[in-house]
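Participant:
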Amino acid sequence: MSGETVKLLGHWASPFALRVIWALKLKEIEYEYVGEDLPNKSPLLLEYNPVHKKIPVLVHGGKPIAESLVILEYLDEAWKHNPILPDDPYERAQARFWARFVDEKCMPSIMSAFTKKGEEKEKAAKEARENFKILESGLGKKQFFGGESVGFVDIAAGWIGLWTRMVEEIADVNIIDTAMMPLLESWFQRVLQVPILKECLPPQDKVLERFKGFHKFLTGGSS
Amino acid sequence: MAEVTLLGFWPSPFVYRVIWALKLKGVEYEYVEEDVVYNKSDRLLEYNPVHKKVPVLVHAGKPIAESAVILEYIEETWPHNPLLPKDPHQRALARFWTKFGEDKSIALCTFFITEGEEQVKATKEAQENLRILEEHGLGNKKFFGGDEIGMADFEFGWLNLWLPVMEQIAGVKVMEAESFPRLHAWIQRFKELPTIKQNLPDHSAMLTYFKDRRAFFLASAKS
Chain A
1 MSGETVKLLG HWASPFALRV IWALKLKEIE YEYVGEDLPN KSPLLLEYNP VHKKIPVLVH
61 GGKPIAESLV ILEYLDEAWK HNPILPDDPY ERAQARFWAR FVDEKCMPSI MSAFTKKGEE
121 KEKAAKEARE NFKILESGLG KKQFFGGESV GFVDIAAGWI GLWTRMVEEI ADVNIIDTAM
181 MPLLESWFQR VLQVPILKEC LPPQDKVLER FKGFHKFLTG GSS
Chain B
1 MAEVTLLGFW PSPFVYRVIW ALKLKGVEYE YVEEDVVYNK SDRLLEYNPV HKKVPVLVHA
61 GKPIAESAVI LEYIEETWPH NPLLPKDPHQ RALARFWTKF GEDKSIALCT FFITEGEEQV
121 KATKEAQENL RILEEHGLGN KKFFGGDEIG MADFEFGWLN LWLPVMEQIA GVKVMEAESF
181 PRLHAWIQRF KELPTIKQNL PDHSAMLTYF KDRRAFFLAS AKS
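Protein sequences appear in the order of chains A and B.
One point on numbering: in UniProt numbering, the residue at position 163 of the first sequence is 163, and numbering is uninterrupted.
One point on numbering: in UniProt numbering, the residue at position 28 of the second sequence is 28, and numbering is uninterrupted.
#1: Buried or exposed: where does Glu3/B fall if 16 or more other Cβ atoms within 10 Å of its Cβ makes it buried?
#2: Starting from Tyr33/A, trace the beta strand (DSSP E) in both directions and tell me its first and last residue.
#3: Any contact of the stretch 145–155 of chain A with the stretch 177–186 of chain A, i.e. 3+ C-beta pairs under 8 angstroms?
#4: Could one say the Cβ of Lys99/B lies closer than 8 angstroms to chain A's Cβ atoms, at least one of them?
#5: List, in chain order, every chain B residue whose beta-carbon is nearer than 8 angstroms to that of Glu73/A.
#6: Based on Cα-Cα distance, which residue from Asn40/A, Glu67/A, Gln204/A lies nearest to Arg19/A?
#7: Answer with buried or exposed for Leu71/B, where buried requires no fewer than 16 other C-beta atoms within 10 angstroms of its C-beta.
#8: Among the candidates Leu69/A, Pro86/A, Asn82/A, Glu73/A, whose CA atom is the shortest distance from the CA of Pro88/B?
#9: Helix, strand or coil for Val59/A, going by three-state DSSP, please let me know.
#10: Kindly give me the distance between the Cβ atoms of residue 224/A and Phe114/A, rounded to whole angstroms, as I take these residues to be in contact under 8 angstroms.
#11: Please report the Cβ distance between Leu26/A and Ile196/A, rounded to the nearest whole angstrom; I am assuming they are in contact, meaning their Cβ atoms lie under 8 angstroms.
#12: In or out: Tyr38/B buried (at least 16 other Cβ within 10 Å) or exposed?
#13: Taking only beta-carbon atoms, is Pro194/B less than 8 angstroms away from chain A?
#14: When the Cα atoms are used, what is the spatial distance from Ser12/B to Gly145/B?
#15: Run through the DSSP bridge pairs and tell me what Asp154/A is partnered with.
#16: Got a sec: which bits of the stretch 61–72 of chain A sit with their beta carbon under 7 angstroms from any beta carbon on chain E, in order along the chain?
#17: At a CB-CB cut-off below 8 angstroms, which residues of chain A make contact with Val69/B?
#18: Is the CB of Tyr90/A under 8 angstroms away from at least one CB in chain B?
#19: Please list, in chain order, all residues of the same chain as Gln119/B whose beta carbon is under 6 angstroms from its beta carbon, the five residues on each side excluded.
#20: Taking three-plus beta-carbon pairs below 8 angstroms as touching, is the stretch 98–109 of chain B in contact with the stretch 87–99 of chain A?
#21: Going by alpha carbons, who is nearest to Glu115/B out of Asn129/B, Phe217/B, Lys53/B?
#22: Name the chain B residues whose beta carbon is nearer than 8 angstroms to that of Val173/A?
#23: Beta-carbon within less than 6 angstroms of Val207/A's beta-carbon, same chain only, minus the 5 sequence neighbours each way: which residues are those?
#24: Tell me which residue opens and which closes the beta strand (DSSP E) that Glu192/B is part of.
#25: Val173/A and Ala125/A look like a contact to me (Cβ under 8 angstroms); what is the Cβ gap, rounded to whole Å?
#26: For Phe134/A, return the contacting residues in chain B, with the cut-off set at a CB-CB distance below 9 angstroms.
#27: Give me the chain B residues within the contact set of Phe78/A, using Cβ-Cβ distance strictly less than 7 angstroms, ordered along the chain.
#28: In terms of alpha-carbon separation, which member of Gln90/B, Leu133/B, Asn81/B lies closest to Ser179/B?
#29: Could you name the residues of chain A that Ile106/B contacts, counting a contact when the two beta carbons are closer than 7 angstroms?
#30: Show which residues of chain B have a CB atom less than 9 angstroms away from the CB atom of Pro43/A.
Here it is as structure tokens:
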């Protein structure tokens, strides 16, 4: 099975594609990267993900898998080397719980703070801060969510500090509050010092420009 | 304290997913009813401080929240009568469809909390998603899990009782048998399984409860 080709359909600015790249690199899996020119979706993407028509899509031996967290679980099951989920079922449940929390709570509140204005923006930012505070409780005093080394949640969320800083700058909001979330903030720095993760980051200036473009389009330029 | 405890709320389809999984695997557990609408217990707030919701599974004193996370935990802890197939790609598909069910749950249920034009629009959106589910998710399989039921069948198990109750109270037919023949056939097979048949909430109690909820949602929308 590990002899079959692996292809990743992604986009250079997508944090969800980045999750999969990080996992592939950490597990030392050879793959071919196919960059999608969104919003012009290729016939390949439409064929491989007809339900959502989104990246990332992993294609292994011709069979596609969509949804970044589903892909991470697949990678861990198909390649046993350098596991990203822990062995213990309870610890695995905790990892899954926090990865979902990032997607279902942290991300929407950060996006809200990015796209809304005035009082609604401040309310969203407050919620985003509270969600980060809650996320911090999942980290505790550990070096990484995965313990001594990066794991499932680190891969799922390691980019979020950087992206949030961009949202703060562009939308003129405060979300990362050092006093409120000191442990999480130091994790934001620490996780991106891990060489494999750091070297896969897309050029931040280009991501920032892209975000600025989105912000202008979504809010009419004002905040 | 029992080795396995499930904190639940009797009309919740999320709770029933966990009940079905435990019953399928013959896991003995103590069920504890939580009054999540009016009076959440200290125990619930202690075991699920992040979301304060049910279901929560407590195993040897350790709590696990989020039904999809609980199902994965149950599968790993009690592997007999599996909820997931062996093949990693098939497992990924089961997780993909489980996530689809979670992501689309609002789109599938908005018809219940709306009326007039809004309800017409919501019904259409629900039907589009059911069509995708029927064609891509179920296809010509006996169950979502293939020849045997699995995690994805439990994800959509609410279609067998909760949906008809909601349709009856909201006065709209979302999933006509003629329009969704394969889903209907699946429902007939699903509800005949002893694990499901013997573990469903009381139909008339459901009608009363959901009638109340619709009135509440419509009133809140107006205020």
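Virtual Cβ for every residue (Gly too), placed ideally from N, Cα, C.
Keep in mind it's a predicted model, so treat the numbers as computed, not measured.
Facilitator: Working from what's here:
#1: exposed
#2: 32–35
#3: no
#4: yes
#5: Residues of chain B passing the Cβ test: Arg91, Ala92, Arg95.
#6: Glu67/A
#7: Buried, because 16 or more other Cβ atoms sit within 10 Å of the Cβ of Leu71/B.
#8: Glu73/A
#9: strand
#10: Chain A is shown only over 1 to 223; residue 224/A falls outside these bounds and no answer can be derived.
#11: At roughly 6 angstroms, the Cβ-Cβ gap stays under 8 angstroms, so Leu26/A and Ile196/A are in contact.
#12: exposed
#13: No, its Cβ sits nowhere closer than 8 angstroms to a Cβ of chain A.
#14: 22 angstroms
#15: BP columns for Asp154/A are empty, so no partner.
#16: Of the protein chains in the structure, A and B, none is chain E.
#17: The contacting residues are Ala93, Arg96, Phe97, Arg100.
#18: yes
#19: Phe111
#20: Two segments are said to touch when three or more pairs of C-beta atoms, one from each, lie closer than 8 angstroms; by this definition the stretch 98–109 of chain B does not touch the stretch 87–99 of chain A.
#21: Phe217/B
#22: Neighbours of Val173/A on chain B: none; closest Cβ ~23 angstroms, over 8 angstroms.
#23: Ala13
#24: Taken as a continuous stretch (DSSP letters only), Glu192/B belongs to no beta strand (DSSP E), being part of the alpha helix (DSSP H) at 181–192.
#25: The Cβ separation is near 4 angstroms, so the contact holds.
#26: Looking at the sequence shown, residue 134/A is not Phe but Ile. Going along chain B in sequence order, the residues near Ile134/A (Cβ under 9 angstroms) are Pro49, Val50.
#27: Note on identity: in this sequence residue 78/A is Ala, with Phe being the wrong assignment. Per Cβ cutoff of 7 angstroms: Pro88.
#28: Leu133/B
#29: Neighbours of Ile106/B on chain A: none; closest Cβ ~12 angstroms, over 7 angstroms.
#30: Correct list: empty, because the minimum Cβ distance to chain B is about 17 angstroms.
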